[in-house]
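Worksheet for the structure shown next.
In the numbering used here, the protein residues as written are 1 to 125.
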């Protein structure tokens, strides 16, 4: 699969970010995406990574919230914990969020830059 390179994070951070993407895929069964400014350039404050789940899977994880916010304790804790794990694994200031597919697609309609993480093995293949 060919895709646009991760221009904003550089090497070897891109390798660590890919490995983190594989871990998320192993845990949730879906690839996370690099989005935002780090996906398109080298000027970024943090590195936005989004796991976009099908609505039914999202609702099973967060049943009480149609669109969770930072005030949602479960959603906030899970996102903060994974963000910190990603920071430790990659050395990058990761902002990780889990989003419901319908909400993410409505809010950020395509075309937008969503670079799948974790599709390459350790050799970049």
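We put the beta carbon where it would ideally sit given N, CA and C, even for glycine.
key: Chain-order list of residues whose beta-carbon lies under 7 Å from that of residue 106 (same chain, five-residue window excluded)   = none
Are residue 94 and residue 49 closer than 8 Å when you measure CB to CB?
Yes, these two residues count as a Cβ contact at 8 Å.
* Measuring alpha carbon to alpha carbon, tell me which of 43, 46, 41, 20 ends up nearest residue 32. => Closest by alpha carbon: 20.
*asked:* By the three-class DSSP mapping on this structure, what secondary structure does residue 183 have?
replied: Coverage of the chain is limited to positions 1 through 125, which leaves residue 183 absent and any answer about it impossible.
Would you decide whether residue 77 is buried or exposed? Buried here means 16 or more other CB atoms lie within 10 Å of its CB.
exposed
Q: Leaving aside the five residues before and after residue 102 along the sequence, list all residues of the same chain whose C-beta is less than 6 Å from its C-beta, in chain order.
A: Excluding positions up to five away in sequence, the list reads 55.
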